[in-house]
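J.:
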DNA sequence: ACCGTGACGATAG
DNA sequence: GCTATCGCCACGG
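In the working numbering, the protein residues as written are 23 to 125.
1. Mind checking which residues open and close the alpha helix (DSSP H) that includes residue 70?
2. Quick check: the Cα distance between residue 50 and residue 117, rounded to an integer number of angstroms?
3. What does residue 81 pair with, by DSSP beta-bridge criteria?
4. What are the start and end residues of the alpha helix (DSSP H) that includes residue 99?
5. Would you kindly report the start and end of the unbroken alpha helix (DSSP H) that includes residue 33?
6. Assuming residue 16 is part of the alpha helix (DSSP H), what are its boundary residues?
7. Starting from the Cα of residue 112, find the closest Cα among 83, 29, 87 and 98 and give me that residue.
8. Would you mind working out which of 80, 96, 125 and 69 sits nearest residue 25, comparing C-alpha positions?
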């Protein structure tokens, strides 16, 4: 299955994102100690089981957009979860200057 | 080993 | 704001 030891740290970072806030793939990668691992974070999340308890929906791309095909099941779920937490998604876009997770 | 494929990102126009 | 490139990196065929 997931033999990649890096997934472990990625999961931990994602799990630490506060509710009502979001983080970008690149940000998660850096906090996980993987400077150019944005794609790896995306890959990691894509492998998560549908019933994962991880707040994967709090991860968006550097443009503040959901990186899933619009209209897809995942897109709808992510959008719903975010709005439920109070994250404003205007015209499919999130203001990172407001909702981005800051340490 | 080679090549195409992504839930990416930075930059240029 | 948008598209087009290019760099990046793990995986699978």
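Virtual Cβ for every residue (Gly too), placed ideally from N, Cα, C.
T.: Result, derived from the coordinates:
1. Per DSSP, residue 70 is not a residue of any alpha helix (DSSP H), being assigned neither H nor E.
2. Using only the alpha carbons, I get a separation of about 17 Å.
3. Its beta-bridge partners are 45.
4. Per DSSP, residue 99 belongs to the alpha helix (DSSP H) from 95–106.
5. Residues 28–37.
6. This structure cannot speak to residue 16, because the chain is shown only from 23 to 125.
7. Nearest C-alpha to residue 112 among 83, 29, 87 and 98: 87.
8. The alpha carbon of residue 25 has as its nearest neighbour, out of 80, 96, 125 and 69, the alpha carbon of 69.
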